[in-house]
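In our numbering, the protein residues as written are 1 to 327. Don't be surprised by glycine CBs; every beta carbon is placed ideally from N, CA and C. Keep in mind it's a predicted model, so treat the numbers as computed, not measured. Report on one structure; see the data block that follows.
Spelled out as structure tokens, the structure:
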């Protein structure tokens, strides 16, 4: 039963073709209970579609133009328009970007995204192969499996990837290092990881039983890390936390610690959140919204949920958030 609940491990039957058009509905949810911490919840929505390949959202990134790009663990992307009061799926934007040779060989377990808003270049991290794909605005792509990630777990690899404002890339392994419950291998590349620059290797320290699954950078340079804990049962239960850390404190070979500022633990918020992105306000780039997306694992017990929090830098400037220990 536990194996069947692990994301990305079971191939399930689908209906239709990948190229079929997806008619996506975004439905508001009234739920507000189950969140605690420094951030103000401002909305929650469920994403549904009749498309046989729709779901499994495992990555989220801002497009830099009042929108989001969501990625799925079946190798699809979806554009979300944030220009209105509620998010809207951009018609015709649900498209397959996984790696396929036209035969049996495919790389589709997309788990992380990074984006350059100037060139509109997109990077995707794939588990199982521990591979990174760089996709240009014209659709051309280049792939690389960095040797530094070669020994990362096949099912717990580059779940977290963020392109920092200065062009460096932060990557964190989902699974803990062998022999530890809290240390996760991490890399800080000086530039595009496709370019083969030598990264700084260090460890991210997560709370016991929690794994890092995504990250996003804030206007002040700090980074938010999305943390997930899974209780395997029927149905599975997920607890989520958001932690904050400063990349300026990263040192080679040393642990990098974060402080938890938010928790999602109850009701519809006890779901499998895997994507995190900061979207700046059009009127004030120092303010904005924080978005999370959940992976339904193509399960009848889970849903594709999109959640929005208001981001106010002062909310996370307390020395320590009430009731939330440091990671």
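**Item:** 8 Å Cβ cutoff, residue 30 in contact with chain D
**Value:** Given the protein chain composition of this structure (a single chain), no chain D is represented.
**Message:** As a quick exercise: from 264, 161, 166 and 222, pick the residue whose alpha carbon is nearest that of residue 210.
**Reply:** For residue 210, the closest C-alpha among the options 264, 161, 166 and 222 is that of 264.
**Asked** When DSSP builds the beta bridges, which residues end up paired with residue 115?
**Response** Paired residue(s): 122.
**Prompt:** Is residue 195 helix, strand or coil by DSSP?
**Reply:** The answer is helix: DSSP assigns residue 195 an H, G or I state.
**Request:** Work out the CA separation of residue 128 and residue 153 for me, nearest whole Å.
**Result:** Approximately 8 Å, taken between the alpha carbons.
**Prompt:** Taking Cβ positions, are residue 78 and residue 70 nearer each other than 8 Å?
**Reply:** Residue 78 is a Cβ neighbour of residue 70, given a cutoff of 8 Å.
**Request:** Might you give, ordered along the chain, the residues of its own chain that have their beta carbon closer than 6 Å to the beta carbon of residue 325, omitting 5 neighbours on each side?
**Result:** At residue 325, the pLDDT of 45 sits below 50, so the modelled position is not reliable and the matter cannot be decided from this model.
**Asked** What's the call for residue 100, buried or exposed, on a 16-neighbour Cβ count within 10 Å?
**Response** Residue burial annotation: residue 100 is exposed, with fewer than 16 other C-beta atoms found within 10 angstroms of its C-beta.
**Asked** So, residue 45 versus residue 93, is the Cβ gap smaller than 8 Å?
**Response** Going by beta carbons, residue 45 and residue 93 fall outside the 8 Å limit.
**Request:** Check residue 88 in the structure and name its three-state DSSP category.
**Result:** Correct three-state label for residue 88: strand.
**Request:** Using beta-carbon positions only, say whether residue 111 and residue 62 come within less than 8 Å of one another.
**Result:** Contact: no.
**Message:** Which of the three DSSP states is assigned to residue 94 in this structure?
**Reply:** Three-state result, residue 94: coil.
**Message:** Can you tell me whether residue 54 is helix, strand or coil according to DSSP?
**Reply:** The answer is coil: DSSP assigns residue 54 none of H, G, I, E or B.
**Request:** Taking residue 45 as part of the beta strand (DSSP E), name the residues at either end of that continuous run.
**Result:** Segment 40-49, the beta strand (DSSP E) holding residue 45.
**Item:** Supposed close pair residue 224, residue 207 - CB separation, criterion 8 Å
**Value:** No, residue 224 and residue 207 are not in contact; Cβ-Cβ is about 15 Å, not under 8 Å.
**Request:** Determine the direct distance from the alpha carbon of residue 33 to that of residue 200, and round the result to whole angstroms.
**Result:** Those two C-alpha atoms are separated by around 40 Å.
**Message:** Would residue 98 and residue 130 qualify as a contact pair, given that the criterion is a beta-carbon distance under 8 Å?
**Reply:** No, these two residues do not count as a Cβ contact at 8 Å.
**Request:** Kindly indicate the opening and closing residues of the beta strand (DSSP E) around residue 142.
**Result:** Residue 142 -> beta strand (DSSP E) spans 141-144.
**Prompt:** Is the beta carbon of residue 221 sitting closer than 8 Å to the one on residue 165?
**Reply:** Pairing residue 221 with residue 165 gives a Cβ-Cβ distance under 8 Å.
**Asked** In three-state terms, what does DSSP make of residue 66?
**Response** Residue 66 falls in the coil class under three-state DSSP.
**Asked** Start and end of the beta strand (DSSP E) containing residue 310?
**Response** Annotation: the continuous beta strand (DSSP E) that includes residue 310 extends over 305-311.
**Prompt:** If you draw a straight line from the alpha carbon of residue 171 to that of residue 163, how long is it in whole angstroms?
**Reply:** Approximately 9 Å, taken between the alpha carbons.
**Prompt:** Does DSSP put residue 11 in a helix, in a strand, or in coil?
**Reply:** Because the pLDDT at residue 11 is just 42, under 50, the model does not fix this residue reliably, and the point stays unresolved.
**With 16 other Cβ atoms within 10 Å as the buried cut-off, status of residue 118** = By the beta-carbon neighbour count (other beta carbons within 10 angstroms, threshold 16), residue 118 is exposed.
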